[in-house]
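K.L.:
Protein chains in written order, with my numbering: chain A, 15 to 513; chain B, 2 to 432.
1. Can you give me the C-alpha to C-alpha distance between residue 361 of chain A and residue 62 of chain B, rounded to a whole angstrom?
2. Under DSSP, the alpha helix (DSSP H) around residue 289 of chain B begins and ends at which residues?
3. Give a yes or no on whether 7 Å exceeds the smallest Cβ distance from residue 178 of chain B to chain A.
4. If the cut is a Cβ gap below 9 Å, which residues of chain B does residue 437 of chain A touch?
5. Flag this pair as yes or no: are the beta carbons of residue 317 of chain B and residue 235 of chain B separated by less than 7 Å?
6. With a 10 Å radius around its C-beta and 16 neighbouring C-beta atoms as the bar for buried, classify residue 156 of chain B as buried or exposed.
7. So for residue 267 of chain A, helix, strand or coil by DSSP?
8. So which of B/140, B/108, B/103, B/150 has the shortest CA-CA distance to residue 128 of chain B?
9. For residue 171 of chain B, which of helix, strand or coil comes out of DSSP?
10. Within this structure, are the beta carbons of residue 261 of chain B and residue 310 of chain B separated by less than 7 Å?
11. Can you list, in chain order, the residues of its chain with a C-beta nearer than 6 Å to that of residue 399 of chain A? Leave out the 5 residues immediately preceding and following it.
12. The alpha helix (DSSP H) with residue 339 of chain B in it runs from where to where?
13. CB residue 246 of chain B to CB residue 323 of chain B, shorter than 7 Å?
14. Among A/458, A/454, A/87, A/145, which residue has its Cα nearest to the Cα of residue 276 of chain A?
15. At a Cβ threshold of 7 Å, is residue 445 of chain A touching chain B?
16. Given this structure, state the Cα-to-Cα distance separating residue 58 of chain A from residue 51 of chain A, to the nearest angstrom.
17. Please state the DSSP three-state secondary structure of residue 146 of chain A.
18. Against chain B, which members of the stretch 413-425 of chain A pass a CB distance test of less than 7 Å?
19. Once you ignore the five residues that flank residue 187 of chain B on each side, which residues in its own chain have a CB closer than 6 Å to its CB?
20. Identify the contact partners of residue 51 of chain B in chain A, using a Cβ-Cβ distance below 9 Å as the criterion.
21. Report the residue ranges of all beta strand (DSSP E) runs contained in full by the stretch 310-336 of chain A; include only those spanning at least 3 residues, in chain order.
22. Between which two residues does the alpha helix (DSSP H) carrying residue 423 of chain A extend?
23. First and last residue of the alpha helix (DSSP H) that includes residue 57 of chain B?
24. According to DSSP, residue 16 of chain A sits in a beta bridge with which residue or residues?
25. Is any beta-carbon of chain A found at less than 7 Å from that of residue 221 of chain B?
26. If I'm right that residue 56 of chain B touches residue 406 of chain A with Cβ under 8 Å, what's the distance once you round it to whole angstroms?
27. Cβ of residue 308 of chain A versus every heavy atom of the ligand ZN: is any distance shorter than 6 Å?
28. Quick one: what's got a C-beta closer than 8 Å to residue 411 of chain A's C-beta in the same chain, skipping five residues either side?
29. Evaluate residue 3 of chain A with the Cβ neighbour count: other Cβ atoms within 10 Å of its Cβ, from every protein chain shown; 16 or more gives buried, anything less gives exposed.
30. Quick one, which of B/58, B/88, B/94 has its alpha-carbon nearest residue 414 of chain A's?
31. Give me the residue from A/92, A/55, A/37 with the minimum Cα distance to residue 500 of chain A.
32. In whole angstroms, give me the CA-to-CA distance for residue 268 of chain B and residue 184 of chain B.
33. Who are the neighbours of residue 68 of chain B on chain A, taking C-beta pairs under 7 Å?
34. Taking DSSP as the reference, what is the three-state secondary structure of residue 248 of chain A?
35. Does any CB atom of chain A fall closer than 7 Å to the CB of residue 98 of chain B?
36. I'd like the list of long-range same chain contacts for residue 95 of chain A, defined as Cβ closer than 7 Å, with 5 residues on each side in sequence excluded.
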């Protein structure tokens with residue numbers, strides 16, 4: 015099916031999932047303006063928001079299945095499976111976060127149901143960001159997403175760390191937006207357009223002029239901040255640590271997924287000719303992120319902070335997949351985003367469940383003997399740790415395998431070697447969690463004896479863990495899907511002039 | 002090797018009948034998972050599948066050491082895991098690079114062992130690096146001298162069944178990997194003079210060093226663990242000896258080391274169950290109290306030393322005979338390792354079961370039960386049979402040896418079973 019993006023109707027239809035999600039956000043906002051007092055109201059808002067995510071997902075699925083394509087050049091928004099796939103990851107992250115939040119918000123006495131519309135708005139921003147075919151739309155999506163997430167980071171008003179997280183995230187985020195905007199301005203100055211494909215056409219066949227290269231550099235810095243890649247990672251540990259745990263999970267999966275999708279699209283569609291300019295930068299950031307993230311994570315005691323540093327390391331792995339600038343690489347980014355997203359969501363879900371009001375202090379030692387007292391919880395968390403480690407049989411391994419293949423296919427061996435060596439380092443902090451659960455004796459009175467999981471969070475975590483295992487053993491269909499989604503990425507632009 | 006694995010497994014399970022008292026269900030299911038991994042590694046003819054099984058067997062072993070191990074088990078478990086994983090992940094990159102290189106020349110994307118083997122010639126300049134990655138993975142597994150430090154920890158802390166499988170089968174995966182993958186894929190690198198000299202030197206260092214360290218161990222289990230380092234040195238020497246006899250001897254030694262070291266660990270486990278100490282100094286003179294146990298221990302120890310008439314002798318003799326033509330000096334030094342082996346094992350034997358019976362606690366030890374005898378007897382039969390009449394075993398490993406030598410010598414010649422243009426059977430990048 016073809017859509018003419020020149021007409022208002024066409025653009026409206028092209029934005030169907032985003033519009034559905036925004037409508038849902040406004041509706042939930044309307045409902046909670048009358049009902050925002052009790053725990054029951056908060057639950058209601060949560061379930062309504064989930065319905066909104068579902069509606070948006072249905073819209074997205076319909077567009078994906080019908081194979082909607084732009085009639086002529088894609089203006090403003092992209093209409094390709096890459097966008098749908100990235101948006102699907104964002105929606106999955108939102109759904110998981112909402113399910114985990116419902117019980118968490120009640121336990122932490124955060125009974126302000128405006129939380130859920132904010133998640134929906136942030137998700138809509140992510141979908142704009144991932145689907146932007148124009149630098150202006152990209153910036154819009156980024157801001158919609160970021161402003162909502164700034165508020166979410168500081169949602170626990172009673173907790174000074176949460177306030178610190180929000181302030182830090184806001185200041186650094188505003189700074190990053192500035193870089194991004196200035197980069198957009200320079201690129202516009204150099205090429206006279208903000209459309210990604212047209213920029214690509216303008217720059218094709220030659221090295222970009224200095225102004226465009228400067229603009230590209232500033233864009234990379236802006237994205238570097240958003241995905242928390244070294245050396246732009248300073249904010250991440252404190253912000254991840256201080257935010258309410260479900261929000262941390264949301265930031266680590268959704269925000270990262272959307273930013274990576276946009277980064278891949280910008281690099282592949284607008285700057286395929288500038289490969290010599292951005293490849294060394296990406297490689298340096300990837301290596302620095304992998305080395306620093308993994309080494310510093312080793313030294314962490316708090317589980318939440320460890321996961322924060324490990325997410326920096328995973329940003330490094332993802333940058334390795336961005337490096338080849340190929341369709342296989344883009345497919346690897348998508349696949350790894352899903353693998354990492356599912357695993358991280360489940361891991362933060364476990365931290366939220368096990369935290370008991372102080373997940374900042376939850377250490378591996380607190381989990382001692384969990385394998386004996388709560389075998390299912392321990393099994394799930396163990397699977398998550400192995401998947402983050404990239405162990406065969408889990409989805410994380412498939413993702414890493416795909417990244418290594420994509421990089422090697424470009425004749426690059428240093429990045430994959432750094433990737434696997436730092437993965438070995440990461441065993442040094444993922445394994446102690448498993449060891450504590452299974453190999454240390456349980457304390458006489460386990461703090462988790464009376465723990466009851468709410469059906470919502472238990473369901474979300476169980477589904478994630480099941481998917482990690484299922485897709486780890488049987489990834490065939492998904493591999494094809496990721497490959498196909500990525501293959502369409504550059505069809506609208508000029509052919510890739512990479513190595 | 003599959004036969005050895007499946008033969009040792011029921012025996013270890015039978016042996017852990019009494020020693021594993023907590024979380025039995027988990028233990029036995031992990032043992033079965035481990036069996037899957039081990040058999041899979043030996044059966045895999047696809048590099049992707051090989052890698053998967055190579056890693057899959059890590060997890061059950063990690064848990065077996067970590068949950069049912071001794072006092073220092075957490076340290077041993079994580080050390081074991083990280084050492085092995087460091088090697089295997091680099092091997093993974095090497096596999097991907099190799100597959101990609103072969104694909105870019107032949108146009109076929111395949112992880113099939115035979116297909117890659119027959120096209121290994123195209124690797125050219127990258128071959129040394131790829132060999133280094135494979136060799137590191139297997140060298141850690143064997144373990145060759147500088148990478149052996151995980152072994153004593155893992156062996157000592159693991160429960161009996163874990164030690165038996167570690168020594169009996171998992172160490173062989175390293176040497177098997179050299180024979181099956183590292184050397185045939187990259188013969189021009191693996192058999193080049195500098196690499197050969199290095200490997201032979203490391204093997205000899207392993208033999209002598211393992212033996213010397215074993216000599217001074219106060220802990221009987223650690224002693225056997227270091228004796229494994231020494232014995233695996235012989236296997237490595239045999240592989241790099243490069244003659245028919247030495248390779249055959251290496252294979253033979255792999256099997257007989259599996260039998261006799263497995264048996265030694267089982268016996269130590271039985272002793273430990275009775276007295277709850279592994280210190281040699283705590284025993285002495287127990288031959289009078291437990292004659293059957295002592296007899297079996299003596300026979301097994303002698304087989305491990307390499308006494309003619311028992312299985313250890315055949316392999317060691319063939320290795321030394323075969324390597325002597327290629328590396329006389331190294332072989333002479335290695336031969337002293339046999340003497341050291343006699344020294345440390347006989348000395349330990351003397352302190353354990355002979356000497357004076359002066360500790361009162363040892364006077365009430367019970368002899369082997371029927372179940373324990375049932376565990377030991379098949380191993381004893383194997384030890385004696387392979388020592389007296391090794392021909393059936395040698396006949397079976399002869400074709401494998403021939404094929405291995407042919408493949409490495411002729412470099413690009415196809416092995417008989419080569420299949421052409423096998424379609425990729427595993428997930429991977431699209432062409």
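Beta carbons: idealized from backbone N, C-alpha and C, even for Gly. Since the model is a prediction, treat every value here as computed from it, not as a measurement.
P.N.:
According to the structure shown:
1. About 24 Å.
2. Here residue 289 of chain B belongs to no alpha helix (DSSP H), and DSSP marks it neither H nor E.
3. For residue 178 of chain B, the answer is no, since every Cβ of chain A falls outside 7 Å of its Cβ.
4. The contacting residues are 86, 90.
5. Yes, they are a contact pair.
6. Counting of Cβ neighbours within 10 angstroms places residue 156 of chain B among the buried residues, the total reaching 16 or more.
7. Residue 267 of chain A: helix per DSSP, three-state reduction.
8. Between residue 128 of chain B and the set B/140, B/108, B/103, B/150, the nearest pair of CA atoms involves B/103.
9. Looking at residue 171 of chain B - three-state DSSP - the assignment turns out to be helix.
10. No, the Cβ-Cβ distance between residue 261 of chain B and residue 310 of chain B is not below 7 Å.
11. Counting only residues of its own chain and dropping the five nearest sequence neighbours on each side, residue 399 of chain A has a CB closer than 6 Å to the CB of 444, 447, 448.
12. Unbroken alpha helix (DSSP H) run through residue 339 of chain B: 329-354.
13. Cβ atoms of residue 246 of chain B and residue 323 of chain B: closer than 7 Å.
14. Closest option to residue 276 of chain A, Cα to Cα, is A/145.
15. Put simply, the CB of residue 445 of chain A is near chain B, with a gap under 7 Å to one of its CB atoms.
16. Computed Cα separation, rounded: 11 Å.
17. In the three-state reduction of the DSSP assignment, residue 146 of chain A falls in the strand class, which pools E and B.
18. Residues passing the 7 Å Cβ filter: 418, 419, 420, 422, 423.
19. Excluding positions up to five away in sequence, the list reads 128, 132.
20. Against residue 51 of chain B, chain A offers no close residue; the least beta-carbon distance is about 11 Å (beta-carbon pairs closer than 9 Å).
21. For the beta strand (DSSP E) assignment, the stretch 310-336 of chain A encloses no uninterrupted run of at least 3 residues.
22. Following the DSSP letters along the chain, one finds residue 423 of chain A in no alpha helix (DSSP H), marked with neither H nor E.
23. Start and end: 48-57.
24. The secondary-structure analysis by DSSP pairs residue 16 of chain A across a beta bridge with A/83.
25. No, because no Cβ of chain A sits closer than 7 Å to the Cβ of residue 221 of chain B.
26. Yes, they are in contact, since the Cβ atoms of residue 56 of chain B and residue 406 of chain A sit about 5 Å apart, within 8 Å.
27. In terms of ligand content, the structure shown is empty, and the ligand ZN therefore cannot be addressed.
28. So the list reads 401, 404, 405, 486, once near-sequence residues are dropped.
29. The structure shown does not extend to residue 3 of chain A, since chain A is modelled only from 15 to 513, so the question has no answer here.
30. Across the set B/58, B/88, B/94, the C-alpha of B/94 shows the shortest separation from the C-alpha of residue 414 of chain A.
31. Nearest to residue 500 of chain A by alpha-carbon distance, out of A/92, A/55, A/37, is A/92.
32. The alpha-carbon atoms of residue 268 of chain B and residue 184 of chain B are separated by roughly 36 Å.
33. Neighbours of residue 68 of chain B in chain A, taken as residues whose beta carbon is under 7 Å from its own, are 452, 453 in chain order.
34. DSSP places residue 248 of chain A in coil when its eight states are reduced to three.
35. Yes, residue 98 of chain B lies at the interface with chain A (some Cβ there is under 7 Å from its Cβ).
36. 78, 498, 499, 502.
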